[in-house]
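Scroll down for the structure; my scribbles are underneath it.
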Amino acid sequence: MVLNIQNPEKESIYKVIPKIDIQRCIGCGICADNCAFGALNQFGNKPPLVNEKLCHGCGVCEYVCPQKAIKDFQTQIGDLNIKHTKNWWFIEGRLTIGEPNPVPVIHAALEKANSLPFPQIVDGPPGTACPMVAAVEQSHFVVLVTEPTPFGLSDLALAAETVQELRIPVAVVINRSDLGNKEETEAFCKKINIPILACLPFSKKVAHAYAEGIAPFCVDQRWQEATYTILGHVKEVLS
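Numbering (my numbering), first residue to last: 2 to 240.
The following block contains the structure:
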């Protein structure tokens with residue numbers, strides 16, 4: 002999918018981090034002991050130091066502080082880029098450079114999307130870490146895109162296990178299917194009972210079109226057929 006997005010509206014995304022009142026803090030270290038992410042560092046009986054990059058904004062430190070010496074304040078970690086017409090909305094979450102945790106940005110984008118009366122297509126991150134789970138956990142159907150390489154198969158196995166653990170229907174698309182061992186990927190999908198919706202060979206025509214902002218299915222019949230197959234399968238599963 003290629004969208005010509007220009008001049009989007011922006012909304013700031015914030016996360017909550019703790020601020021220590023050094024006048025009230027007695028240096029007991031309870032907050033640091035209870036921080037699951039190591040974002041509070043206690044040295045002796047001095048007030049703890051806050052590592053904003055590690056903080057997940059969970060609020061446990063404020064909850065357990067016996068002196069009520071911890072208050073929260075908001076810091077910006079990213080932006081939503083929003084564009085809409087009569088028929089569709091585009092919502093992009095963009096993490097501020099240097100921020101390590103994209104999960105609050107993903108949650109903000111999904112929260113905005115969930116407020117709208119439209120079906121959603123979510124382009125999630127690769128891998129199986131927290132950002133991937135945050136992107137797919139509300140989904141009714143997941144399409145995993147892989148490549149027929151050892152690394153691709155390894156990542157596919159982990160991603161498929163994660164999605165199945167979440168009990169979400171899942172299918173696979175094999176990209177650049179002519180550049181590796183497609184049969185091994187097909188055998189794996191058959192073994193764990195995941196359908197393969199499409200196999201897309203490498204195409205310079207598609208690469209050139211994409212670089213020019215043209216959707217692949219506009220220049221390659223195979224992509225057009227794959228698009229209709231994927232949409233048809235999704236409708237069948239969700240109907």
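Backbone N, C-alpha and C fix where the C-beta goes; we use that ideal spot for every residue, glycine too.
Buried/exposed call for residue i, threshold 16 Cβ in 10 Å
i	result
L157	buried
G99	exposed
W90	exposed
A101	The sequence given here places Pro at residue 101; Ala does not occur at that position. Exposed, because fewer than 16 other Cβ atoms sit within 10 Å of the Cβ of P101.
I14	buried
G153	buried
A37	exposed
E148	buried
V238	exposed
P151	exposed
L117	exposed
T186	buried
A160	buried
C66	buried
Beta-carbon gap between residue i and residue j smaller than 8 Å
i	j	result
L201	N176	yes
V164	C131	no
K205	D221	no
L235	F119	Per the sequence shown, residue 235 should be read as Val rather than Leu. Their beta carbons are not under 8 Å apart, which means V235 does not touch F119 by this criterion.
V123	I231	no
K11	L81	yes
L28	P9	According to the sequence provided, residue 28 is Gly. The question's Leu does not apply to it. For G28 and P9, no; Cβs fall outside 8 Å.
I107	A136	yes
G79	L55	no
G214	N52	no
N42	A33	yes
Distance between beta carbons of residue j and residue i, contact taken as under 8 Å
i	j	result
Q75	T97	At roughly 13 Å, the Cβ-Cβ gap does not stay under 8 Å, so Q75 and T97 are not in contact.
I71	I83	The pair is not a contact, with the Cβ atoms about 34 Å apart (cut-off 8 Å).
I197	V171	Going by Cβ atoms, the distance from I197 to V171 rounds to 11 Å, so no, they are not a contact pair.
Y211	V3	7 Å
Residues bridged to residue i [DSSP beta-bridge criterion]
i	result
N82	K11, E93
P19	D73
A199	V174
N42	L50
T147	I175
Task: the segment 58 to 65 in contact with the segment 9 to 23 per 3-pair CB rule at 8 Å - done: yes
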